[in-house]
Amino acid sequence: MAISTTSNATRTTTLSNGVEMPILALGSAPLATRDDDTSHFNPLDSFNGFLPEQSYQSLNSALEMNNADETPIHIDTALYYRTHPHIRLVLGNALATGRKKRSDVFLTTKIFHPNFGDSFGTEDLGHCMPSFHNEMTYDDVYRFVYRQFQQSLHEVGVGYFDLTLLHWPGHPDTDEARNSEQRLAAWNVLEDCYSKGWTRAIGVSNFSEHHLEQLQIMNEAKKKENNNSSVVIRPHVNQIEASVFLQHRDILDYCRQSNIVVAAYSPLGRGVLRVTSNETVRRIATKYDIDAGKVAIKYLYQKGYGCVVFWTTKPERVRSNHEILVENCVLDDEDMTALDGLNRSDGTGTWGLLSPYVIK
Ligand SMILES: NC(=O)c1ccc[n+]([C@@H]2O[C@H](COP(=O)([O-])OP(=O)(O)OC[C@H]3O[C@@H](n4cnc5c(N)ncnc54)[C@H](OP(=O)(O)O)[C@@H]3O)[C@@H](O)[C@H]2O)c1
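Sequential numbering from 1 applies to the sequence shown in UniProt numbering.
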């Protein structure tokens, strides 16, 4: 069957502050698990840490690609993933030899990760909120998150990020009053870093509509109370887990109405959910003569996700997944409806992470 085409293949999404964000991002969170990960599991039980050394080849492969139409290569990382030094090495080499300019790369990182369980021994490194986070005041959190941001710049070896996100809205065992105040303190750090030009855009991750609405109201109230004339900034991006099995239509609708771009992570269900083995996804892939992973990614983009963040250990897949930026394949209405039908409302659509709705 012939592929439908459109003459203006889109490669970037414009954020509310005018920054152009590339719609496809290579992630860098190579997770190690204790068991084979073929079942639906609780990550708090099964994560065994990260294998950041697995990221070298994929990062290198991404930076070796030619930038299509000058579109920067988008790399997604987080202080928590321990891959900042790996990005520093691979990117540093490309910059040192003149193969790339800083503007050829769009760097997204994340800070403010709560301490879920033992945090793989990273607590003393400042990768997570400390275990006594329940006692931290607004000022404590502000100082802690500010240090995390500076540590991130230092680890990656750059002077600015393109996008910095709050990794999680808080801790699932912490009450709403405490979580919401800590979110505000962390967000005020990002606003300050943004105003200084240390990050070109700021956003959040794993936030529900409620977290976003509440953050806006609390931020406006606090600035008014303190006669603080600095601008209240609404997040430019909300990065959430999304796939054909976990479509998060309510968060997507809310964010689009509020001019917040939604980025989808784990579009392939991290392999655990076997998205690319699904019969409907495979049938549509055959129809368009593309691989099933591209159907899963393309679906999210056509639904309105402004960015899709995938991971692969295979350098050739870094390149082939990026082909959707230049292939003018458009899934037709019938196929989009069939993929809409794969959404699971029973909570099994995630590969194991916490739902944004679980955190108060
Ligand atoms: N904000 C957050 O809280 C958060 C949470 C989780 C993840 N993330 C970000 O999102 C990134 C991606 O998430 P993820 O690793 O969980 O899941 P993912 O991208 O959904 O899945 C990765 C798996 O998909 C396979 N794959 C890649 N391309 C494929 C294709 N075209 N066809 C078939 N299989 C393909 C890879 O296998 P091979 O290695 O064999 O190619 C790998 O096992 C992370 O690296 C991280 O940067 C963010």
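Here a beta-carbon is modelled for each residue, glycine too, at the ideal position from N, C-alpha and C.
None of the values given here were measured: they were computed from a predicted structure.
CA-to-CA, the gap between P114 and P130 works out to about 8 Å.
Residue range E20 to P22 is occupied by the beta strand (DSSP E) that includes P22. In this structure, I297 and V308 form a Cβ contact; the two beta carbons are roughly 5 Å apart against a cut-off of 8 Å.
For R147, the distance from the CB to the nearest heavy atom of ligand 1 is not below 7 Å.
The region 205-212 makes contact with the region 221-239; the number of CB pairs closer than 8 Å reaches 3 or more.
By DSSP's assignment, K110 forms a beta bridge with L165. A contact between stretches requires three or more CB pairs, one per stretch, nearer than 8 Å, and the region 130-140 fails this requirement with the region 95-104. Bridge pairing for H74: A25 and F106 [DSSP]. When the Cα atoms are used, L15 and N259 turn out to be separated by approximately 8 Å. N179 sits buried, since 16 or more C-beta atoms from the chains shown fall within 10 Å of its C-beta.
Fewer than three pairs of CB atoms, one per stretch, sit closer than 8 Å, so the region 46-63 makes no contact with the region 246-261. Relative to V358, the option among G170, M65, P72 and K224 whose CA is nearest is G170.
Cα atoms of K303 and T77: separation of roughly 24 Å, rounded to the nearest angstrom.
T286 has its Cβ no nearer than 7 Å to any heavy atom of ligand 1. Distance between V318 and T276, taken at the CA atoms: about 16 Å. Taking the C-beta atoms as reference points, L325 is found nearer than 8 Å to R11.
For S205, the enclosing beta strand (DSSP E) covers residues I202 to S205. Counting C-beta pairs with one atom in each stretch, the region 272-288 and the region 331-346 have three or more that are closer than 8 Å, which means they touch. A direct Cα-to-Cα measurement between A263 and P72 gives close to 17 Å. Here L24 is not near H86, since their CB atoms are 8 Å or more apart. In this structure, K294 lies away from N328, with their beta-carbon atoms at least 8 Å apart.
Residue C128 holds the alpha-carbon nearest to the alpha-carbon of H167 among C128, D173 and T199.
Partner residues in a beta bridge of C255, as assigned by DSSP, do not exist. Annotation for A285: no beta strand (DSSP E) segment contains it, though the alpha helix (DSSP H) segment containing it runs E279 to Y288.
The nearest non-hydrogen atom of ligand 1 is less than 7 Å from the C-beta of K110. Short note on Q247: C-beta not closer than 7 Å to any heavy atom of ligand 1.
In chain order, I284 place their CB closer than 6 Å to the CB of D335, counting only its own chain and leaving out the 5 sequence neighbours on each side.
Fully contained in the region 123-196 are the following beta strand (DSSP E) runs of length 3 or more, in chain order: 163-166.
The beta carbon of F144 sits closer than 8 Å to the beta carbons of G126, M129, P130 and M136 from its chain, once the five residues preceding and following it are set aside; these are given in chain order. Around the Cβ of R200, a 10 Å sphere holds 16 or more other Cβ atoms; the residue is buried. Within 10 angstroms of the beta-carbon of G347 lie fewer than 16 other beta-carbons, which makes it exposed. A direct Cα-to-Cα measurement between E123 and L165 gives close to 19 Å. For Q151, same chain residues with a beta-carbon under 8 Å away, outside a window of 5 residues either side, are L79 and G126 in chain order. For E20, the closest alpha carbon among the candidates R270, G306, A177 and R88 is that of G306.
Per DSSP, Q302 lies in no beta strand (DSSP E); the unbroken alpha helix (DSSP H) holding it starts and ends at A292 to K303. S243 and F310 have their alpha carbons spaced roughly 11 Å apart.
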